[in-house]
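Note that the working numbering numbers the sequence shown so that position 88 is 83, with each residue one more than the last.
Glycine included, C-beta positions come from ideal geometry on N, C-alpha and C.
Report on one structure; see the data block that follows.
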Amino acid sequence: MKTTFLKYLSVALASTLKFFGGPIAGVVLKLTWIETALCSAVGMMFTVFVLTYLGGAIRNLIQKNRKSPPKRFTRTNRIAVNIWRKFGIVGIAFLTPPLFTPLFGPILAVAFRVPKPSIFLWMSASALVWGLAISYIAHKMTFIQEWIK
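Structural data, given as structure tokens:
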């Protein structure tokens, strides 16, 4: 029981910073693909929860301690603004696991002043869909499993 919980926790923690870390950890720890997917989604949603509620405070702290003003028109900012204009929170949420990472996606949503319930709804859906898809693929790629033995 205790080791299973630690495996789940490891997969969730691996997904808090980089979503693809969770499915890889799940394969390494020999969890089922469903367990891996759910733990990966929980890990991402932990980050989304923290950043949604603390995102404004974190942004203010960074701005306060910044020595020079941030660049306003970076390549990443342009991509994010284009996605926001075309698809709104649904696009930001859908692209958070593969492109924006669980750290940057919620910060974008907070910066665009998306209501918190909307952030949680769409980020949860995205985390589940991506978690199921990536975990399934990771568990079916037997050459990876052979490589880590």
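Who are the near neighbours of residue i in its chain, counting only those whose CB is closer than 8 Å to its CB and skipping five residues on each side?
i      : result
SER130 : GLY17, PRO18, GLY21, TRP28, ILE29, THR31, ALA32 and SER35
PHE82  : PHE89
TRP79  : GLY86, ILE87, LEU103 and PHE107
Excluding the 5 residues flanking residue i on each side, which residues of the same chain have their C-beta closer than 7 Å to its C-beta?
i     : result
MET40 : MET118, SER119 and ALA122
PRO92 : PHE14, MET39, SER121, ALA122 and TRP125
If you drop the 5 nearest sequence neighbours on each side, which residues of the same chain put their C-beta closer than 6 Å to that of residue i?
i      : result
GLY85  : Here the sequence assigns Val to residue 85, which means Gly is not the residue at that position. Answer for VAL85: TRP117, listed in chain order.
LEU127 : ALA32
When the distance is taken between beta carbons, is residue j closer than 8 Å to residue i?
i     : j      : result
THR11 : GLY38  : yes
PHE99 : VAL43  : no
LEU46 : VAL105 : yes
Helix, strand or coil for residue i per DSSP?
i      : result
PRO64  : coil
PRO112 : helix
MET39  : helix
MET136 : coil
PHE0   : helix
LYS13  : coil
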